[in-house]
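Numbering (the working numbering), first residue to last: 1097 to 2024.
Structure first, then comments.
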Amino acid sequence: MKWLSPSSIRIRLFFLACAMLVPIALLLMYNVYQQREYALKSARENAERIMDFAILQEEEILRGTRQILGMLADIPAVARGGRECNELLGSLLENAPQYTNFGVARRNGEVYCSALPLEKPVDISDRSYFRDAVEKRSFSIGEFQVGRITSKPAINFGYPVLDKNGNVTAVVYAALDLDRVAKLEYEVDAQTPANSSYVKLDRNGSVLSSYPVAYVFGRGSPLEKPLFEKISTERKGMFVASGVDGVNRLYVFSSLRGPLYRDGIYLLLGIPTQTLFAEFNRQLVWNLSVLGAALLLALAAMWIGGRRLIVRPVEVLVDASKRLAAGDLAARTGLTSTPGELGHLGRAFDQMAADLERKKQNLSETRKRLASILSTSPAIVFTYAVSDKGQSDPEYIPTFVSDRIRDWFGYEPREIEGNASWWKQNVHPEDLPAGRWGRSRLDQETVSREYRFREKGGNYRWVLDRSALRRDKEGNPVEVVGSWTDITENRLAQEQVKNALRMETVLRTIDTKILAGERIEETLQVVCDAIVAMGYRICWVGLAEPDGTVRPVASRGFDEGYLESMRFRWDDAPEGGGPTGIAIRTRRPCVIHSIAENGLYAPWRQVALERGYRSSASIPLISGQGDTVGVLHAYAAEEGAFTPDEVARLEIFAQQCAITVINARRIEDLHDANQRLKFHVNRMPLAYIVWDADFKVAEWNPAAEWIFGWKAEEALGRHPYELIVPLEEWPHTDKVWSKLLAGDQSSYSLNANTRKDGKKITCEWFNSPLREAGGKINGVLSMAHDVTEKTQLERQLQTAQRMEAVGTLAGGIAHDFNNALTGIFGFSEMIRPQLAGNERALSNLEEVLRCAQRASTLTRQLLTYSRRQIIDPVNLNLNSVITELLKLVSKVVGEHIDLRTFLARDLPTIRADVGQMEQVVMNLALNA
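Put into C-alpha cells, the structure is as follows:
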C-alpha cells in the first residue's frame, strides 16, 4: 500500500504530528530528570552524614582501646606472662566482645601470652603495629589483617611494655573485631530505605566489613576490578551494581582517612534503585500515558483533513510530472485556480512545462550549429560516459567522436562509439599509465595529457588530450568531454632539441672522462647509454685489433651473453664481410635500412629479427692520422630509422669514441713509460728525491734508503732538516733552496749530511726545479751520491803527494849535505896524525867527528824519508829507532802537537832495514 510508504504524504503528516509533541515529551523527561537528580543529591548528603558518624565511632573505639592497652601494660602479671597473664586477658576478652583477642609478645615478636589458647608458636614481628610500638615506644595502629590465632579479619593495636629504665621489653596488643563495629548499622537503618547496605574497602579493594553481610561481597575478597578502578580514581562518586542477593543498588562511595585507617579506606552506601526512584517512575508512566492519548487524537485529525487538502492536489501534480517525463511537453496540472501553496506549485509546474517546450526547440537549433562547428574544427571532439561500478579503474565508454577522427586516424565514428576498449587497444603501451583516466583522476576537474595514438594503418601520432570531467548534482562523475590536437610535429621538434641537449651533455661527460684518464670501457659505456636513451634498441663499440678481430668493449641493450657469443672481424675473412668489417676497411659508415632484405646480414638475420632489430648503422672510429681504430654499432626497431641527420649525430659520437681510444692508448703508453722510468729510478745507485713546494719529501727511491738509512714510508712528507741535514748545514741548504725556487735551472753542491743512525757522510747533490705546465715551480728534483769514501781517498792521495814532494826535496838536500860530510870526514882523518901528542887538539877533533857522525845519521834519515836509501837489514831494537827519530818526527808533525812515547822495556830485537822502519814510523805519525 503506497500510503504506508515512508515517503507518503500521510505518513509525513503523522511524523509532523509526532514532532509537535516532542517538546512536551522532552519537558516531561526533563522534569523527571530533575527529580531523579534531587533524589541522588539527597542520597549523597545522607551518605556523607553516615560517613561522618563512622569517623566519630572510630575515634571512640580508638580511645577505649588505648586506655585498655595502657592499663594492661602497667600490670606486672602482663610483663611476666604465664597462666596468670592468660587468665587476665581471657577475662578481659569476655567483657569486651568487640575484640577478637588480647595478647602480649616479647621484643622479638614471639607471643607468650594470649586471651585465646596458642595451638602453636606465633611470631608477629612482621606486623606493622608491633614494629611501630617497639620503634616509637607509643600506642600504634595496624592495618586490616586476618589474625594468626583467631583466623578472623581484624585491626590490631599495640602498646609498649617498658621496664624501669624505659626500655621496651614487650608489646601488649588487642585485635578489634570488624564484625562487632556495629553502631553504624543503626544509623544505616534509620536514615536509608529498606534493604540498603554499607561496605568498607581497604586501599587494595578488599572488603573489610559490610552490612548486611549477605547483601554484598565476601569479606577479604577483592571488589571487581572495573568498579574498584572507578572508586580509587574518582575518590568520590556513584555507580549502580548488583550484589550477591541480585538487588540493583545505587552505591554512593567516598574515600575516608580516619584514626583506624591511616592509609585510607573507601566507604560504599548502597540504596536499592527500585525504592529510590519508585515515585518518580510512577509519575513518568502517568505523564507518558496522557501524552500518548493526545498524539492519537492529533493523528486522527491529520488523516481526515490531509486527504482533501493535500493528498489529492499532490496526486494531480505527480500525474502531470509522469506525462512530462515521458516526453509529453504539453502536459499541464490544471491547478491554476487552487488557492495556497499547492496552487502556486501547480502554476509553477505549468510554466516550467511551457519553458521546456520552448527550450527543446532552441536545443534542436543549437545542435545543428554545433554539428557545423565540429565539421570545420581542426581538433577532434569527443565525449565519454563514466561507468563507475567500484572496480579498480572506472570504465569510459565513447558516446560521441567528431568526424575529424576519420581524417587523422582513419577510424569511423561508428566504430568507436560504444566501444569501451577502443582507447586502450590503440594507445601506445608506454604511454598507457600516464594517459588513462584512473580512479585517482576522478578528483580532478580538468586534465591535459600527451601520448601516442595508433592510426588505423599502424603508425603512431602524438596528440594533446584536454579533457574535463562533468558531474551530476550529487558530485558523481558522469561524463568526460574533451578534444584531441595533433602535436606530432611539435613533439618531433622537442625530441630533436632533447637529443641535441643530451648529445651535448654526453660529449661534455666524455671530455671530462678523457681528461680524467678514466678507463676506456667506462667512457665508451657512456656513449652506448646515451645512444640507447635516444630511442635505439641496442648499441655497442668494438676495437679493431691487429689480428683482424673486433673486440667489443662497451654495450647497452643486449641480452646477457649474446654479444660475447658473436664473432666479428674486419679483415678479408668470411666474418669480415659484414657491416662491421666494411665500415672499418672502407672508413665510411655502413647503414642497413632493412635487415630483413639486405644480404650483408644473411648470417645474423634470423637472430636479429627475433630480437626486434630492423635496421642498423656501423660507424668507423677514425683517428686524427686517418687510422681506423674501431667501430660504433646502433640498431633500431624500425626500418629506415637511420636518416642522414641520425648518421651525422652518430658520427659525432664515433669521433668522440675515437678520441677516447687514442687518448687511452696514449695514457697506456705514458703509463708504460712511467713504469720503465720508475724501474730505472729504483735501480739507479744515486739517491732520487723529489721535494714538494713546502720542501717536504714527495718521492724517495731505494738508493736514498740505502744512503741515508730512512725507509720511504718514514721519509715521505718530512722536511730534510728532520732527516739528513745537520744544523750547521741549514744556512747553506736554505740558500740553495731559495735559488732553485727563484728559477735557478740547476745547482751542484757538496754537503755534509747525517744518516738515520747518526753517522756523518759527505754527498754530492745535483738539484733542478720542477715546473708545472704554466711554468710555476712546484717542487725540486734532487739526485745525491755518497762520496764519503772517495773524499777520504782523495785526502790520503793529497797527503801522499805532499810527502813525496817533501821526500824528493829531503833526498836532494841529504845528498848535497852528505857530500859535504864526506869532505869533513876525509880532512879530519888527514889531520889526525898531525895532532898526535896534542891531547887537547885531538879531543876537539873527536868532537868534530862526533858532530859529523850525527849529521851523517841525519842525512841517512832524510834519505830513508825520501825512499832513496839502499835496503840494509840488520838486528835492531825498535825502542832505539823511535828514540832517535823523535826529533825529526816532532819537527814534521808541527809544534802545536804534543808528541809522547810509551816504550816497552822487554821488547825483543828484530831484523830490518833501519831506514824503512824509520819510514814506517814517520808515515804512522803523519797519517794519525
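Every residue gets a Cβ at the ideal spot worked out from N, C-alpha and C, and that includes glycine.
Since the structure is predicted, the reported quantities are computational estimates derived from the model, not experimental observations.
Segment contact flag, the stretch 1702 to 1720 with the stretch 1750 to 1764, C-beta cutoff 8 Å, min 3 pairs: yes
Given residue 1820 as reference, the closest of 1864, 1880, 1198 once Cα atoms are compared: 1880
Burial state of residue 1209 (16 or more Cβ within 10 Å): buried
Enclosing alpha helix (DSSP H) for residue 1520 [first to last residue]: 1518 to 1522
Interface flag, residue 2014 vs chain C, CB-CB below 8 Å: Any reference to chain C falls outside this structure, which holds one protein chain only.
Minimum length 3: unbroken beta strand (DSSP E) runs contained in the stretch 1155 to 1202: 1195 to 1202
Stretch pair the stretch 1836 to 1844 + the stretch 1806 to 1826: three plus CB contacts closer than 8 Å: no
Under 8 Å between C-beta atoms of residue 1931 and residue 1945: no
Which of helix, strand or coil DSSP assigns to residue 1974: helix
Outcome for residue 1386 when other beta-carbon atoms lying within 10 angstroms are tallied against a minimum of 16: exposed
Supposed close pair residue 1266, residue 1200 - CB separation, criterion 8 Å: 5 Å
Contact set for residue 1248: own chain, Cβ-Cβ below 6 Å, skip 5 residues either direction: 1196
Same chain only: Cβ atoms within 6 Å of residue 1864, ignoring 5 sequence neighbours per side: 1842, 1877
Reference residue 1689, options 1703, 1452, 1682, 1730, closest by Cα: 1730
Nearest-angstrom Cα separation, counted from residue 1553 out to residue 1493: 23 Å
Straight-line Cα distance separating residue 1137 from residue 1118: 28 Å
Which of helix, strand or coil DSSP assigns to residue 1039: Residue 1039 lies beyond the residue range present for the chain, which begins at 1097 and ends at 2024; the question has no answer from this structure.
Cutoff 7 Å; reference residue 1558; Cβ partners in own chain excluding five residues on either side: 1546, 1548, 1583, 1584, 1587
Cβ pair count under 8 Å reaching 3, the stretch 1998 to 2012 against the stretch 1969 to 1978: yes
Residue 1683 beta carbon less than 8 Å from that of residue 1724: yes
Given 8 Å, three or more beta-carbon pairs between the stretch 1765 to 1784 and the stretch 1800 to 1813: yes
Cβ-Cβ distance between residue 1680 and residue 1640 below 8 Å: yes
Nearest neighbour of residue 1618, chosen from 1649, 1188, 2015, 1799 [CA to CA]: 1649
Selected residue, minimal CA-CA separation from residue 1644, among 1667, 1654, 1635, 1622: 1667
Reference residue 1579; option with closest CA among 1476, 1482, 1526, 1163: 1476
When 1511, 1710, 1898, 1156 are compared against residue 1632, the one with the closest alpha-carbon: 1710
As assigned by DSSP and simplified to three states, the class of residue 1551: coil
Whole-angstrom C-beta distance between residue 1345 and residue 1367, which should lie under 8 Å: 6 Å
For residue 1986, three-class secondary structure by DSSP: helix
Alpha-carbon spacing of residue 1952 relative to residue 1971, whole angstroms: 20 Å
Assigned secondary structure, residue 1670 (DSSP; H/G/I helix, E/B strand, else coil): helix
From 1347, 1189, 1258, residue whose alpha carbon lies closest to that of residue 1273: 1189
Integer Cβ distance of residue 1225 from residue 1252, believed to fall under 8 Å: 5 Å
Backbone secondary structure at residue 1636 - three-state DSSP: strand
Span separating the alpha-carbon of residue 1576 from that of residue 1519: 14 Å
In DSSP terms, what residue 1266 is bridged to: 1202, 1257
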